[in-house]
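Note sheet for the following structure.
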Amino acid sequence: MACNRASFAPAGIFVDAANPILLKTDELGRIEIVERDGVRMIRRDVRAARWWAWLAAHRAAAREARALARLAGIDGVPALLGWDGCELLRSYIVGAPMQQARPRERGYYRDALRLLARLHRRGIVHNDLAKEPNWLVRADGRPALVDFQLAWTRGRRGRLFRLLAREDLRHLLKHKRTYCAEALSARQRAILDTPAPPSRLWRATGKRLYKLVARRVFGYWDNEGKGRVRD
508 MACNRASFAP AGIFVDAANP ILLKTDELGR IEIVERDGVR MIRRDVRAAR WWAWLAAHRA
568 AAREARALAR LAGIDGVPAL LGWDGCELLR SYIVGAPMQQ ARPRERGYYR DALRLLARLH
628 RRGIVHNDLA KEPNWLVRAD GRPALVDFQL AWTRGRRGRL FRLLAREDLR HLLKHKRTYC
688 AEALSARQRA ILDTPAPPSR LWRATGKRLY KLVARRVFGY WDNEGKGRVR D
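In the working numbering, the protein residues as written are 508 to 738.
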């Protein structure tokens, strides 16, 4: 299928893919670290998706491109470098995923709350913050967020937006409870104890099916979010 050029791609982006570093490959395509003139960047290639998953992979990449374009200039979010309908390029953020770094400093969570607030002010909800690999701990201890393929990008800040934004917050607080529980405030504990109605409905109905599909089809297990490496 041909790739349509989009307005996201600035002129002059030509990536040297001679020695890519594979991060993940599954039914939705490949994610690699590539270099251009010695500068590292992340490439999501939906051309490698299974034929039956190509449309879903394309939509997910397009959604990520829209989210990153709207979040341009926010520290802690990758910069969008290009999206041509088949290949998404974003800046590489040096850091360790949360499940490896296990951040226990209060400052990390204060900064993470501020980062979430910046996303929500731009009209973006991440929608996938339960996964620890989507939270990075940078070398200076500050947070960063990656993987915006499920993000809310409609921009409208109605009731549904507010519910989803609250779930972003609740998932961050769940991680804080895991690694830095003593820093939880009474209000934060109350938020943890009262998931939004859509979340309660999801856990009672669709979550089991989601886990079954994620594990059996994509090879995702527990909180790693890596996916199987396929041939």
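Here a beta-carbon is modelled for each residue, glycine too, at the ideal position from N, C-alpha and C.
On a predicted model such as this, the values are computed, not experimentally measured, just so you know.
One alpha carbon belongs to K683, the other to G589, and they sit about 33 Å apart. With fewer than 16 other CB atoms across the displayed protein chains lying within 10 angstroms of its CB, W559 is exposed. With respect to the C-alpha of W659, the residue from I538, R550, G536 and R573 having the closest C-alpha is R573. In summary, R551 is buried, with 16 or more beta-carbon neighbours lying within 10 Å of its beta-carbon over all protein chains present. In the DSSP assignment, K531 forms a beta bridge with I538.
Using a C-beta cut-off of 8 Å, the segment 600-608 makes no contact with the segment 617-629, since fewer than three inter-stretch Cβ pairs fall below that distance. By the criterion of a C-beta distance shorter than 6 Å, R557 is surrounded in its chain by E534, once the five residues flanking it on both sides are discounted. Taking C-beta atoms under 8 Å as the contact rule, L670 and A703 qualify, at a distance of about 5 Å. Every unbroken stretch of the beta strand (DSSP E) spanning 3 or more residues and falling wholly within the segment 637-679 is given here in chain order: 642-644 and 650-652.
Looking at the backbone, the Cα of R554 and that of L562 are separated by about 10 Å.
When the five nearest sequence neighbours on each side are left out, the beta carbons in the same chain lying within less than 7 Å of the beta carbon of A564 are those of L535, G536, V553 and A556, in order along the chain. Taking C-beta atoms under 8 Å as the contact rule, L620 and L657 fail to qualify, at a distance of about 21 Å. Comparing C-alpha distances from V546 to each of P527, T532, I538 and K531 shows the shortest one belongs to P527. Ranked by how close their Cα comes to the Cα of A690, the residues E674, L643, R617 and A672 have R617 in first place. For I540 and R570, the gap between their C-alpha atoms comes out near 20 Å. Taking 8 Å as the cut-off, the Cβ atoms of P650 and G583 count as close. About 7 Å separates the CB atoms of P604 and W642; that is less than 8 Å, so the two are in contact.
Taking a contact as a CB-CB distance under 8 Å, the pair L595 and A568 counts as one, their CB atoms being some 5 Å apart.
Exposed is the label assigned to G648, since fewer than 16 other Cβ atoms lie within 10 Å of its Cβ. Ranked by how close their Cα comes to the Cα of L676, the residues C687, I538 and L699 have L699 in first place.
Under the 10 Å beta carbon count, L578 is surrounded by 16 or more other beta carbons and is classified as buried.
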